[in-house]
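Note sheet for the following structure.
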Amino acid sequence: MAAVSKDDVTQVLKRIAAPDGRGNLVSAGLVSDIAIDGGSVMFALTTDPAQLKAMEGTRAAAEKAVLAIPGVSRAMIALTAERTPGRAPQPQQAAPRGQGVPGIKHIVAVASGKGGVGKSTTAVNLALALHSLGLRVAVLDADVYGPSMPKLFGLDGKPEAADAEGKKMKPMKRFGVEVISIGFLVPEDTPMIWRGPMVMSALTQLLREVEWSETDVMIVDMPPGTGDAQLTLAQQTPLAGAVIVSTPQDLALIDARKGLNMFRKVNVPVLGIVENMSYFICTKCGERHEIFGHGGAREEAERLGVPFLGEVPLDKDVRERSDRGEPVAATVPEGLHAGIYRDIAKKVWAAIEGGNLGRAAPRIVVEN
Ligand code: ADP
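Position in the sequence shown (from 1) plus 6 gives the number in the working numbering.
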């Protein structure tokens with residue numbers, strides 16, 4: 007059976023009336039970018055919060071129509087309300103998938119197969135280590151389920167508007183690195199429920215509606231895991247490559263393999279694996295303890311044919327400084343850990359600049 011295309015979906019949505027007699031869903035500009043993964047179709051409909059109830063009927067009609075397209079097995083359609091600051095998705099102007107971001111040379115994702123392995127800690131320290139090499143660096147916190155960049159960078163407050171109409175915002179800045187996170191926009195205690203398509207439209211805004219300075223490399227802290235939202239994100243962000251973080255335990259490695267496969271599926275080069283919490287140096291006896299059976303990630307990287315980028319020990323200082331918003335790579339630049347992160351950063355930079363990965367957009371599997 008022919009693969010489902012965006013055009014197939016657009017065609018059926020054109021037959022559904024928009025509320026208030028504003029033509030159809032497509033002509034009224036209510037449909038976000040459409041993501042298709044095999045038989046799964048995902049998108050969002052922009053909704054006036056006052057009409058949320060009425061729109062539910064329209065949403066159900068759209069779902070039914072999309073499910074009736076041959077080859078579609080699943081339709082995930084979310085209603086997204088206009089939010090401030092920032093705008094709801096503007097599909098007419100939506101950038102084509104994979105299009106580069108002005109001013110940003112390379113975008114590198116830091117990902118993990120599951121939560122709690124130190125992905126965010128690695129992302130922040132890798133960004134700071136790249137900066138210490140003299141590069142212009144930005145960080146996009148795409149972990150919308152648990153944004154941790156405000157805490158890790160010790161930043162609070164809200165980004166300022168970059169223009170009078172409030173169309174773009176300025177990134178926050180600390181330790182010489184520009185940072186944006188949904189955590190700056192939503193109060194910490196606000197429970198957020200994210201459906202796949204909403205994640206993508208929120209992230210598109212964070213990526214494209216920020217006035218970034220000229221940047222050599224942007225580090226994206228991905229949401230943990232390898233579900234639909236992560237896959238769409240990997241597919242639609244113009245990534246130069248991905249770094250996978252794993253702990254040495256076998257289980258985590260199975261998850262790391264999933265992460266690897268996700269990027270391979272969308273043809274994003276995997277720059278390598280970082281083994282985090284690799285070993286532990288006793289502060290009293292100075293001895294090295296390999297509590298988690300260290301070395302698994304290196305062997306696994308070899309087996310999978312991806313570069314091994316380095317091993318970061320489990321260390322109280324790494325954790326405590328992260329918790330205080332003083333990441334080691336910036337605050338103890340002469341220390342052991344900063345050195346390890348710098349070596350990883352050199353390898354990452356060599357891979358994106360040295361290899362033939364330095365293109366604006368990755369090769370993307372387009373399902374037509
Ligand atoms: P993830 O982003 O994968 O969920 P985090 O980066 O938030 O993981 O790390 C989870 C916890 O582990 C945090 O408390 C963090 O400070 C701690 N941590 C991460 N890496 C290390 C390390 N190398 N040594 C000690 N603690 C670490």
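Just so it is clear, CB atoms sit at the ideal spot from N, CA and C, and this is done for glycine as well. Keep in mind the model is a prediction, meaning the values are calculated, not measured.
{"query": "CB-CB length for Pro254 against Leu277, believed under 8 Å", "result": "Contact flag wrong, Cβ pair sits at about 20 Å."}
{"query": "Thr337: CB within 8 Å of a non-hydrogen atom of the ligand ADP", "result": "no"}
{"query": "Neighbourhood of Leu19 by C-beta distance below 8 Å, restricted to the same chain and skipping five residues each side", "result": "Asn30, Leu31, Val32, Val37, Ala68, Ala71, Val72"}
{"query": "For Thr238 and Ile110, believed in contact at Cβ under 8 Å, the rounded distance", "result": "Between Thr238 and Ile110 the Cβ distance is about 20 Å, and since that is not below 8 Å, they are no contact."}
{"query": "Asp329 CB to nearest heavy atom of the ligand ADP below 8 Å", "result": "yes"}
{"query": "Reduced DSSP category for Val72 - H, G, I as helix; E, B as strand; rest coil", "result": "helix"}
{"query": "For Ala336 and Phe181, the rounded distance between their alpha carbons", "result": "7 Å"}
{"query": "Nearest-angstrom Cα separation, counted from Ala66 out to Lys12", "result": "19 Å"}
{"query": "Val334 - DSSP class collapsed to helix/strand/coil", "result": "helix"}
{"query": "Close Cβ partners of Ala5 (< 6 Å) along its chain, the five nearest in sequence each way excluded", "result": "Residue 5 is absent from the structure shown; the chain starts at 7 and stops at 374."}
{"query": "Contact test: Thr232 Cβ vs the ligand ADP heavy atom, cutoff 8 Å", "result": "no"}
{"query": "The region 143-158 / the region 280-292 touching (three or more Cβ pairs under 8 Å)", "result": "no"}
{"query": "Neighbourhood of Ile40 by C-beta, 6 Å cutoff - its chain only, sequence neighbours within 5 removed", "result": "Lys12, Val15, Phe49"}
{"query": "Chain-order list of residues whose beta-carbon lies under 6 Å from that of Arg304 (same chain, five-residue window excluded)", "result": "Phe314"}
{"query": "Arg294 - partner residues in DSSP beta bridges", "result": "Ile287"}
{"query": "Own chain, CB closer than 8 Å to Leu51, minus 5 neighbours either side, in chain order", "result": "Leu31, Leu36, Val37, Ser38, Met61, Thr64, Arg65, Ala68, Ile83, Ala84, Leu85, Thr86"}
{"query": "Alpha helix (DSSP H) segment containing Pro156, residue limits", "result": "155-158"}
{"query": "Pro319, DSSP secondary structure in three states", "result": "strand"}
{"query": "Backbone secondary structure at Ala94 - three-state DSSP", "result": "In this predicted model, Ala94 has a pLDDT of only 34, less than 50, meaning its place in the structure is not dependable enough to derive any value."}
{"query": "heavy atom of the ligand ADP below 8 Å from Ser126 C-beta", "result": "yes"}
{"query": "At least 3 beta-carbon pairs within less than 8 Å: the region 161-169 vs the region 243-250", "result": "no"}
{"query": "Near the ligand ADP: Leu161 beta-carbon under 8 Å from a heavy atom", "result": "no"}
{"query": "Lys322 CB to nearest heavy atom of the ligand ADP below 8 Å", "result": "yes"}
{"query": "Proximity of Pro319 and Thr127 at Cβ, strictly below 9 Å", "result": "no"}
{"query": "Spatial distance of Gln99 from Pro108 (CA atoms)", "result": "Because the pLDDT at Gln99 is just 34, under 50, the model does not fix this residue reliably, and the point stays unresolved."}
{"query": "Three-state secondary structure (DSSP) of Asn273", "result": "coil"}
{"query": "Classification of Asn374 by the beta-carbon crowding that lies within 10 angstroms, buried from 16 upward", "result": "Its pLDDT being 37, under 50, Asn374 is placed unreliably in this model, and the value from its coordinates should be taken loosely. When all chains shown are included, Asn374 counts as exposed."}
{"query": "Whole beta strand (DSSP E) elements within the region 215-256, 3-residue minimum", "result": "221-227, 247-252"}
{"query": "Residues that Ser187 bridges to, as DSSP identifies them", "result": "Asp147"}
{"query": "Reduced DSSP secondary structure (H/G/I, E/B, other) of Arg80", "result": "strand"}
{"query": "Per-residue burial, Ile287 [other beta carbons within 10 Å of its own, 16 or more giving buried]", "result": "exposed"}
{"query": "beta-carbon Met268 near the ligand ADP non-hydrogen atom, thresh 8 Å", "result": "no"}
{"query": "Arg348 CB to nearest heavy atom of the ligand ADP below 8 Å", "result": "no"}
{"query": "Alpha-carbon spacing of Ala24 relative to Ala34, whole angstroms", "result": "7 Å"}
{"query": "Residues that DSSP places opposite Glu281 in a beta bridge", "result": "Ser252, Glu317"}
{"query": "CB of Val114 within 9 Å of CB of Val249, strictly", "result": "yes"}
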